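One structure below.
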Amino acid sequence: MKFVILGFILMASTAMAQDVAAFEKAELPGLVETYKGIHAHPELSHFEANTSALVAGELRKAGYTVTDRVGVYEDGSKAYGVVGILKNGAGPTVLVRGDMDALPIVEETGLSYASHVTMKNKAGQEVGVMHACGHDIHTTVLIGTARALAATKGQWHGTLMIVGQPSEETVDGARAMLADHLYERFGKPDVVIGLHDGVNIAAGMMGLHPGASQAGASSVDVTIRGIGGHGAAPQAGRDPVVLAAMYVMQIQTIVSREENPQEPVVVTVGDIHGGTKRNIIPDEVKLELTVRTFSEKSRKIVLDGLRQMAIGVATSAGLPPEKMPTVTVVESESTPEMYNDPAMSAKVKALMEKTLGADHVMETAAVMPSEDVGVLGLPGHQIPVVYMSLGAADPAKLAAARAAGKELPGPHTSKFEPVPEPTIATGVKALTAVALGLLQ
Ligand SMILES: [Zn+2]
Ligand SMILES: [Zn+2]
Numbered sequence: 357m358k359f360v361i362l363g364f365i366l367m368a369s370t371a372m373a374q375d376v377a378a379f380e381k382a383e384l385p386g387l388v389e390t391y392k393g394i395h396a397h398p399e400l401s402h403f404e405a406n407t408s409a410l411v412a413g414e415l416r417k418a419g420y421t422v423t424d425r426v427g428v429y430e431d432g433s434k435a436y437g438v439v440g441i442l443k444n445g446a447g448p449t450v451l452v453r454g455d456m457d458a459l460p461i462v463e464e465t466g467l468s469y470a471s472h473v474t475m476k477n478k479a480g481q482e483v484g485v486m487h488a489c490g491h492d493i494h495t496t497v498l499i500g501t502a503r504a505l506a507a508t509k510g511q512w513h514g515t516l517m518i519v520g521q522p523s524e525e526t527v528d529g530a531r532a533m534l535a536d537h538l539y540e541r542f543g544k545p546d547v548v549i550g551l552h553d554g555v556n557i558a559a560g561m562m563g564l565h566p567g568a569s570q571a572g573a574s575s576v577d578v579t580i581r582g583i584g585g586h587g588a589a590p591q592a593g594r595d596p597v598v599l600a601a602m603y604v605m606q607i608q609t610i611v612s613r614e615e616n617p618q619e620p621v622v623v624t625v626g627d628i629h630g631g632t633k634r635n636i637i638p639d640e641v642k643l644e645l646t647v648r649t650f651s652e653k654s655r656k657i658v659l660d661g662l663r664q665m666a667i668g669v670a671t672s673a674g675l676p677p678e679k680m681p682t683v684t685v686v687e688s689e690s691t692p693e694m695y696n697d698p699a700m701s702a703k704v705k706a707l708m709e710k711t712l713g714a715d716h717v718m719e720t721a722a723v724m725p726s727e728d729v730g731v732l733g734l735p736g737h738q739i740p741v742v743y744m745s746l747g748a749a750d751p752a753k754l755a756a757a758r759a760a761g762k763e764l765p766g767p768h769t770s771k772f773e774p775v776p777e778p779t780i781a782t783g784v785k786a787l788t789a790v791a792l793g794l795l796q
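If you count the sequence shown from 1, position 252 lands on 608 in our numbering, and the numbers rise without skipping.
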């Protein structure tokens, strides 16, 4: 086994095809089985008990010093973070991060290893659970990479920090691990690396976007207040439903009129609620928003706009000062933009090209969905982070979809379906080669 993995790592300078074939024969079937097991047994954010135990067990077997239950959330509850340390002489510390949580979605892929799991969410509701963001791929790739690097200790120097991160989907997992003194306890890394799968790239390919690659997300709660009364006598009150409707329309002008058109910004009202009965004007309407921005400056423009327009709508209705709306940023559900350190990205790209071939590494576009891996780089990008894209689409299905002008079902949908073998093989190869190249 060791020889096979060793050969696999050296494939950049040796007969690549033979080594890949040997690697796939020896390691891949076991990893694919692991993947299917994780996929069939997904766990929601904050509840990754079994997945984290599996990661901890695999890291121990591979020779790592493992600590589990690393992380503490804002409410004081403990997280299921896993840290595996492998010290191998003097040298840099490389943190390899993989996230482990799933989503409250009922799976509709029809796969033989599809999830039929339901579990209670934080609100106590029974929901279907699915690995619809491919964190099961990430977890499997993390295990494969950890094994490959443990087996090739003769080729690198330094410290490996393997991190199984909980609660990416609620963007409080990385923060919870830092709050539990991740770096004080296990050492501060010199670089953080990781990857995310996607079905807009064919399996076998890797992608990278230097600089700001994923938007920051700000969660905002807005309460528009009014004066309730009889639905047939609106003149006696101040209708917060009408004010909320005006507000929802007006805040789109933050995107189109307040921000530079060259700056990508999204303002979405994903949840709106007010009232109890059709003929009663309620006292208030609550809105939940997500804001996506690529810089602190953009974020400030949007948040300032949300506050000003809320006050403007209330003032136009003649509401008294005590009925002014409230606009609250929920920091525990917000995360900064993901920034790929440009110099480190160039290094990582060269390492991937050497291993996979230049035609298997592409520069990808920046996207609006957010990621909390950047939090591990600490404020002000103190530690360089490089987050890669892992192609997960069946190449034939992707080509057919493109020919028809369509897209394959993406992450966070019930039909999201990464193709396991080539995706896991490429992920392990890429992450191992990058870590190995940085640990010199
Ligand atoms: Zn996701
Ligand atoms: Zn994800």
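The C-beta atom is built at its ideal place from N, Cα and C for all residues, glycine as well.
Computed from a predicted structure; not experimentally measured.
Going by DSSP in three states, residue i sits in which element: helix, strand or coil?
i	result
residue 793	helix
residue 537	coil
residue 570	strand
residue 394	helix
residue 417	helix
residue 623	strand
residue 705	helix
residue 430	coil
residue 552	strand
residue 697	coil
residue 780	helix
residue 812	No information on residue 812 is available, as it lies outside the stretch 357 to 796 that the chain covers here.
residue 457	coil
residue 607	coil
residue 716	helix
residue 602	helix
residue 724	coil
Using C-beta distances below 6 angstroms, list every residue in its chain close to residue i, excluding the 5 sequence neighbours before and after it, in chain order.
i	result
residue 494	454 and 455
residue 660	none
residue 487	395, 398 and 458
residue 751	558
residue 642	579 and 629
residue 619	654
So, at 7 angstroms on beta carbons, what are the nonlocal neighbours of residue i in its own chain, with the 5 sequence-adjacent residues on each side left out?
i	result
residue 359	At residue 359 the pLDDT is 42, less than 50, meaning the model places this residue with poor confidence; the figure from the coordinates comes in the next sentence. So no residue of the chain qualifies.
residue 707	789, 790 and 793
residue 474	482, 483, 484 and 485
How many angstroms separate the CA atom of residue i from the CA atom of residue j?
i	j	result
residue 588	residue 629	21 angstroms
residue 397	residue 581	44 angstroms
residue 390	residue 409	13 angstroms
residue 547	residue 704	11 angstroms
residue 758	residue 765	12 angstroms
residue 446	residue 430	36 angstroms
residue 640	residue 663	17 angstroms
residue 788	residue 505	7 angstroms
residue 770	residue 433	30 angstroms
residue 372	residue 785	For residue 372, the predicted model reports a pLDDT of 41, less than 50, meaning its position is unreliable; a value from the coordinates is still stated below. Their backbone Cα atoms lie some 12 angstroms apart in a straight line.
residue 403	residue 435	8 angstroms
residue 393	residue 602	49 angstroms
residue 368	residue 626	Bear in mind that a pLDDT of 44 at residue 368, under 50, signals an unreliable position, so the number given afterwards is only what the model happens to contain. The straight-line gap from Cα to Cα measures roughly 47 angstroms.
residue 477	residue 521	19 angstroms
Please state if the CB of residue j and the CB of residue i are separated by a distance shorter than 8 angstroms.
i	j	result
residue 734	residue 511	no
residue 567	residue 692	no
residue 440	residue 729	no
residue 579	residue 543	no
residue 637	residue 674	no
residue 670	residue 681	yes
Any heavy atom of ligand 2 closer than 7 angstroms to the CB of residue i?
i	result
residue 402	no
residue 312	No answer is possible for residue 312: it lies beyond the span of the chain, which begins at 357 and ends at 796.
residue 487	no
residue 799	The requested residue 799 is not part of the displayed model; the chain covers only 357 to 796.
residue 524	yes
residue 565	no
residue 395	no
residue 491	yes
Verify the contact flag: residue i, CB atom, against every heavy atom of ligand 1, threshold strictly below 7 angstroms.
i	result
residue 689	no
residue 768	yes
For chain B, check one thing: does any of its Cβ atoms lie closer than 8 angstroms to the Cβ of residue i?
i	result
residue 695	Chain labels in this structure do not include chain B; a single protein chain is all it has.
For residue i, which residues of its own chain have a beta-carbon under 8 angstroms away from its beta-carbon, when the five flanking residues on both sides are left out?
i	result
residue 717	561, 562, 563, 564, 705, 708 and 709
residue 576	644, 645, 646, 647, 659, 662, 683, 684, 685 and 686
residue 444	509, 512, 513, 514, 515, 516 and 795
residue 606	665, 668 and 669
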